[in-house]
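Chemist:
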Amino acid sequence: MAIEFRKKPGIVAYLTAGDPDLATTRDIALAAIDNGADVIELGVPFSDPLADGPVIQRASERAVARGTTLTDVLGLAKELRAARPAAGLVLFSYLNPAMRMGMKTFCARAAETGADGVLLTDMIVEEAGEYLEAMHAHRLAPVFLAAPTSPDARLKAIVGASQGFVYAISRVGITGTQQKVAGDASELVTRLRKFTKLPIAVGFGISNADHVKAVGEFADAAVIGSALVALIEKSAPADAAAAIGQFIAGLRA
Amino acid sequence: MSASAVIAGRFGAYGGRYVPETLMAALEELEAAYAEAKDDPAFQAELSDLLHNYCGRPTPLYFAKRLTEQLGGAKIYLKREDLLHTGAHKINNALGQGLLARRMGKQRIIAETGAGQHGVATATVCALLGMECVIYMGDVDMRRQELNVYRMRLLGAEVRGVSAGSATLKDAISEAMRDWVTNVRTTYYILGSALGAHPYPTMVRDFHRVISREAKAQMLEQEGKLPTAIVACVGGGSNAIGAFYEFIPDANVQLIGVEAGGRGPKLGDHAARFQKVGGGVPGVLQGTYSYVLQDDAGQISLTHSVSAGLDYASVGPEHAMLHDSGRASYVSCSDDAALKATVTLSRTEGILPALESAHAVAEAIRLAPTMAKTDLLMVNLSGRGDKDMGILAKELDLKGA
Chain A
0 MAIEFRKKPG IVAYLTAGDP DLATTRDIAL AAIDNGADVI ELGVPFSDPL ADGPVIQRAS
60 ERAVARGTTL TDVLGLAKEL RAARPAAGLV LFSYLNPAMR MGMKTFCARA AETGADGVLL
120 TDMIVEEAGE YLEAMHAHRL APVFLAAPTS PDARLKAIVG ASQGFVYAIS RVGITGTQQK
180 VAGDASELVT RLRKFTKLPI AVGFGISNAD HVKAVGEFAD AAVIGSALVA LIEKSAPADA
240 AAAIGQFIAG LRA
Chain B
0 MSASAVIAGR FGAYGGRYVP ETLMAALEEL EAAYAEAKDD PAFQAELSDL LHNYCGRPTP
60 LYFAKRLTEQ LGGAKIYLKR EDLLHTGAHK INNALGQGLL ARRMGKQRII AETGAGQHGV
120 ATATVCALLG MECVIYMGDV DMRRQELNVY RMRLLGAEVR GVSAGSATLK DAISEAMRDW
180 VTNVRTTYYI LGSALGAHPY PTMVRDFHRV ISREAKAQML EQEGKLPTAI VACVGGGSNA
240 IGAFYEFIPD ANVQLIGVEA GGRGPKLGDH AARFQKVGGG VPGVLQGTYS YVLQDDAGQI
300 SLTHSVSAGL DYASVGPEHA MLHDSGRASY VSCSDDAALK ATVTLSRTEG ILPALESAHA
360 VAEAIRLAPT MAKTDLLMVN LSGRGDKDMG ILAKELDLKG A
């Protein structure tokens, strides 16, 4: 149980936990893993997801309205780990729910689930002292975001603090699908490469097999988020896992 | 947070920077540009000139004689920010940041607004400086502050309604931040309160310090001594920090912030972040670490206030520090008390306060009779109430045509 990208390009699948409900998210995640996702990013729904576009905003709103909590998502992570010991598993959250639990408690409980790592959307490296201490104490991999706007000095700090992989944001903006992979992405990955040997996953706007192929030419993995969440939104809950499995299987076709 | 010692923009434990990485370069650029502008006499001279000749500073410190007599206690003084161009203190900051944006070569301006006063101030500054202007405003706030929506559009701004979440100030800020993340290379975000990631809380406070700088000199001139207490309403906290700041070293001057007590003390019915039971706990919302109204799982709570400008789940980080240290105290005032205070001030002094400012007036009305006649109570009258006529007509059952 470590974060590894066995096939190239690797696939990281983001899911908003609790949309449409926790049991369905579990089935969807298992289907994603069984059809080729190397890493599941299990998203903790938040009331105010300011880095997200409309698709993930709506999913978060639905999951929060159902009462999905960080504790519920940790429970789900534990189930996923038990069911698929070899899959990569990263908890993905805005800062406030983790802070409300207490950063130390959150990291301890995340480690207990068997998750490999954590990504906190609104945590920057300069503010991460206490968080990193707790992550290291529990041998969890902190994953940080790198942006096309980040100057080299920031990229250096970001890769220095990251483990598992580095998440390269493909373009300026919020999450959501787009027509083609932005030119910003390969330039950012090239700049990151100067500072790290960690795998680099490219996300934001990666939504089909063509995008995944394009990303594979310059990075180690592609993160698919809004495209999956949108597919779940339009599928009946009973069909969502099969739809996601089929979609993921087609991404490396 | 263990990084507090090395990070700029901390107010005790509070403040900091908690944003998506994409914004970090822009915040660093802004921090550097502001530090430079702040020390540039030419920048300060242009700002002072416009504050004087365009906005109408200094604003009067007015002795409210009839209100004082009616209450029979402390002498009440009103710092008349309501007389500023555009009708509220917000123009102090919008103008400062507008000039900074121009200096940074940014031609596209975005802002959020709650009551619409910051939106109007920003639209005004954009018209003055010839810049493109997009204002985000919650749908609920657009309805209850419709006059300000008309004003912004007349001034040439594009007003974009926000329907997400509670469709109020918090959601407008989130949407403005999404725009900024997307257009960060060309766009300047004029944040309207002493909130958000560093350097905003410091910068916004600096642009409003002029309130307490003037008030201190005016009070000394008129009364020969400092006020006993200063009362200001606190939404994000920009008018309050501006009214408090120069008095912080004067330990004998009581600083009192008034939050929105709304319909009652239950979570969801108010915006009283510092309330002991059913209030906020420290957390991160929209870039800064401060008191946040939230549930046990860390989801941000809905809030309620009759005044759109106070209807927000978090509060500026400097207020969180002043609260914890005890240097300032924070109380709340109900919707009903604010409405009553609006009528009282209108009929005793002929001054119609904004519903936000009426919260401070209500606290002064409560407090003054408990004080000695030699005491001086200063109220920061942060805005005027013309914008609220729709709500007031309904709430007070006023007769029209």
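First to last, the sequence lines map onto chains A and B.
First residue of the first sequence? That's 0 in numbering that gives the first Met the number 0, and the numbers climb one at a time after it.
First residue of the second sequence? That's 0 in numbering that gives the first Met the number 0, and the numbers climb one at a time after it.
A virtual CB, placed ideally from N, CA and C, is assigned to each residue, including glycine.
How is Cys-232(B) classed by DSSP in three states: helix, strand or coil?
Modeler: Taking the second sequence and counting its residues from 1, the one referred to as residue 232(B) is at position 233. In this structure, Cys-232(B) counts as strand in the three-state DSSP scheme.
Chemist: Hey, how far is the Cα of Ala-208(A) from the Cα of Glu-20(B)?
Modeler: The residue given as residue 208(A) occupies position 209 in the first sequence. The residue given as residue 20(B) occupies position 21 in the second sequence. Using only the alpha carbons, I get a separation of about 27 angstroms.
Chemist: Who are Ala-12(A)'s beta bridge partners in DSSP?
Modeler: Taking the first residue of the first sequence as 1, we reach residue 12(A) at position 13. In DSSP, Ala-12(A) forms a bridge with Ile-39(A), Ile-223(A).
Chemist: Step through the CB atoms of chain A and report whether any lies within less than 7 angstroms of the CB of Ala-24(B).
Modeler: For the purposes of this step, residue 24(B) is taken as residue 25 along the second sequence, with counting starting at 1. Cβ-Cβ to chain A under 7 angstroms: yes for Ala-24(B).
Chemist: Could you tell me which of Met-23(B), Arg-346(B), Ser-313(B) sits nearest to Val-124(A), measuring between CA atoms?
Modeler: Counted from its first residue, the first sequence places residue 124(A) at position 125. Comparing Cα-Cα distances from Val-124(A) to each of Met-23(B), Arg-346(B), Ser-313(B), the minimum goes to Met-23(B).
Chemist: Could you say if the stretch 200 to 213 of chain B and the stretch 241 to 250 of chain B meet the contact criterion of at least three C-beta pairs nearer than 8 angstroms?
Modeler: Yes, the stretch 200 to 213 of chain B touches the stretch 241 to 250 of chain B.
Chemist: List the residues of chain D whose Cβ lies closer than 7 angstroms to the Cβ of Ser-47(B), in chain order.
Modeler: This model lacks chain D altogether, as its protein chains are A and B.
Chemist: Tell me the rounded alpha-carbon separation between Arg-9(B) and Thr-23(A).
Modeler: As a working mapping, residue 9(B) is identified with position 10 in the second sequence. As a working mapping, residue 23(A) is identified with position 24 in the first sequence. If I take the Cα positions, the gap works out to 42 angstroms.
Chemist: So, Tyr-135(B) versus Ala-100(B), is the Cβ gap smaller than 7 angstroms?
Modeler: Here residue 135(B) is taken as the residue at index 136 of the second sequence, counted from 1. Here residue 100(B) is taken as the residue at index 101 of the second sequence, counted from 1. In this structure, Ala-100(B) does not lie closer than 7 angstroms to Tyr-135(B) by Cβ.
Chemist: In three-state DSSP terms, what is Ala-250(B)?
Modeler: For the purposes of this step, residue 250(B) is identified with residue 251 of the second sequence, where counting begins at 1. It is coil, neither helix nor strand.
Chemist: Opposite Tyr-17(B) in the DSSP bridges: which residues?
Modeler: What you label residue 17(B) is simply residue 18 of the second sequence in a count that begins at 1. For Tyr-17(B), which the question treats as bridged, DSSP gives no partner whatsoever.
Chemist: Which residues of chain B have a Cβ atom closer than 7 angstroms to the Cβ of Ala-146(A), listed in chain order?
Modeler: Counting from one through the first sequence, the residue named residue 146(A) turns up at place 147. Glu-20, Thr-21, listed in chain order.
Chemist: At what residue ranges does the stretch 168 to 246 of chain A contain a whole run of the alpha helix (DSSP H), taking only runs of 4 or more?
Modeler: Within the stretch 168 to 246 of chain A, the complete alpha helix (DSSP H) runs of at least 4 residues are 182 to 192, 208 to 215, 225 to 233.
Chemist: Look up Gly-118(B) in the DSSP assignment and say whether it is helix, strand or coil.
Modeler: Walking along the second sequence from the start, residue 118(B) turns up at place 119. The answer is helix: DSSP assigns Gly-118(B) an H, G or I state.
Chemist: So, are the CB atoms of Ala-36(A) and Ile-247(A) less than 7 angstroms apart?
Modeler: As a working mapping, residue 36(A) is identified with position 37 in the first sequence. As a working mapping, residue 247(A) is identified with position 248 in the first sequence. Result yes, Cβ atoms of Ala-36(A) and Ile-247(A) sit closer than 7 angstroms.
Chemist: Could you tell me which of Tyr-61(B), Ala-73(B), Ile-90(B) sits nearest to Leu-46(B), measuring between CA atoms?
Modeler: As a first step, residue 46(B) must be located in the second sequence, where it is residue number 47. Minimum Cα distance to Leu-46(B) is reached at Ile-90(B).
Chemist: Looking at the structure shown, is Thr-287(B) part of a helix, part of a strand, or coil, going by DSSP?
Modeler: Position 288 of the second sequence, counted from the start, is the residue given in the question as residue 287(B). In this structure, Thr-287(B) counts as strand in the three-state DSSP scheme.
Chemist: Can you check whether the C-beta of Gly-277(B) is within less than 7 angstroms of a C-beta belonging to chain A?
Modeler: Residue mapping note: residue 277(B) aligns to position 278 of the second sequence, counting from 1. Output row for Gly-277(B): interface = no.
Chemist: On the DSSP bridge assignment, give the partners of Leu-118(A) in chain order.
Modeler: The residue given as residue 118(A) occupies position 119 in the first sequence. DSSP, once it has assigned bridges, lists Phe-91(A) as partnering Leu-118(A).
Chemist: Can you list, in chain order, the residues of its chain with a C-beta nearer than 6 angstroms to that of Tyr-13(B)? Leave out the 5 residues immediately preceding and following it.
Modeler: In the second sequence, the residue the question calls residue 13(B) occupies position 14. Correct list, in chain order: Tyr-288, Ser-289, Pro-316, Ala-319, Met-320.
Chemist: Can you name the residues that DSSP bridges to Asn-379(B)?
Modeler: Counting from one through the second sequence, the residue named residue 379(B) turns up at place 380. According to DSSP, which records beta bridges pairwise, Asn-379(B) is partnered with Lys-78(B).
Chemist: Would you call the stretch 219 to 236 of chain A in contact with the stretch 199 to 207 of chain A, where contact means no fewer than 3 C-beta pairs closer than 8 angstroms?
Modeler: Segments in contact, yes.
Chemist: Quick check: the stretch 69 to 87 of chain B against the stretch 377 to 395 of chain B, are there 3 or more CB pairs under 8 angstroms?
Modeler: Touching, per the Cβ criterion.
Chemist: Taking only three categories from DSSP, how would you classify Gly-128(A)?
Modeler: Taking the first residue of the first sequence as 1, we reach residue 128(A) at position 129. Note: Gly-128(A) maps to helix in three-state DSSP.
Chemist: Restricting to Cα atoms, I'd like to know which of Leu-127(B), Leu-266(B), Glu-131(B), Ile-350(B) is closest to Asn-52(B).
Modeler: Indexing the second sequence from 1 puts residue 52(B) at position 53. Out of Leu-127(B), Leu-266(B), Glu-131(B), Ile-350(B), Leu-127(B) has the C-alpha closest to the C-alpha of Asn-52(B).
Chemist: What runs of the alpha helix (DSSP H), each 4 residues or longer, lie entirely inside the stretch 48 to 78 of chain A?
Modeler: 53 to 64, all fully within the stretch 48 to 78 of chain A.
Chemist: Distance cutoff 7 angstroms, beta carbons only. Does Ala-50(A) sit that close to anything in chain B?
Modeler: Sequence index remark: in the first sequence, residue 50(A) carries index 51 (1-based). For Ala-50(A), the answer is yes, since a Cβ of chain B falls inside 7 angstroms of its Cβ.
Chemist: Using the Cα positions of Lys-77(A) and Asp-138(B), report the straight-line distance between them to the nearest angstrom.
Modeler: To locate residue 77(A), count along the first sequence from 1; it is residue 78. To locate residue 138(B), count along the second sequence from 1; it is residue 139. Rounded to the nearest angstrom, the two C-alpha atoms are 40 angstroms apart.
Chemist: Using the beta-carbon count (16 or more within 10 Å), is Asn-251(B) buried or exposed?
Modeler: Here the question's residue 251(B) lines up with position 252 in the second sequence. Per the 10 Å Cβ criterion, exposed.
Chemist: Starting from Gln-293(B), find everything on chain A with Cβ-Cβ shorter than 8 angstroms and list it in chain order.
Modeler: Translated into the one-based positions of the second sequence, residue 293(B) becomes position 294. Ordered by position in chain A, the residues that pass the 8 angstroms Cβ test against Gln-293(B) are Asn-95, Arg-99.
Chemist: So Gly-279(B) and His-269(B) are supposed to be a Cβ contact under 8 angstroms. How far apart are they, rounded?
Modeler: Locating residue 279(B) in the second sequence gives position 280, where the first residue counts as 1. Locating residue 269(B) in the second sequence gives position 270, where the first residue counts as 1. Contact doesn't hold; Cβ gap of about 10 angstroms is too wide.
Chemist: Tell me, which residues are paired with Gln-293(B) by DSSP?
Modeler: In the second sequence, counting from the first residue as 1, residue 293(B) sits at position 294. Partner(s): Ile-299(B).
Chemist: From this set, Gly-128(A), Ala-226(A), Leu-69(A), Thr-68(A), which residue's C-alpha is nearest Val-54(A)'s C-alpha?
Modeler: Taking the first sequence and counting its residues from 1, the one referred to as residue 54(A) is at position 55. That would be Ala-226(A), whose Cα lies nearest to the Cα of Val-54(A).
Chemist: Is the Cβ of Ile-223(A) closer than 7 angstroms to any Cβ of chain B?
Modeler: Residue 223(A) sits at position 224 when you count from the first residue of the first sequence. Judged by the 7 angstroms Cβ criterion, Ile-223(A) is not in contact with chain B.
Chemist: Shorter than 7 angstroms from the beta carbon of Ser-173(B) to some beta carbon of chain A?
Modeler: In the second sequence, residue 173(B) corresponds to position 174, counting from 1. It does: the Cβ of Ser-173(B) has a partner Cβ on chain A nearer than 7 angstroms.
Chemist: With a 10 Å radius around its C-beta and 16 neighbouring C-beta atoms as the bar for buried, classify Pro-352(B) as buried or exposed.
Modeler: Position 353 of the second sequence, counted from the start, is the residue given in the question as residue 352(B). That one is buried.
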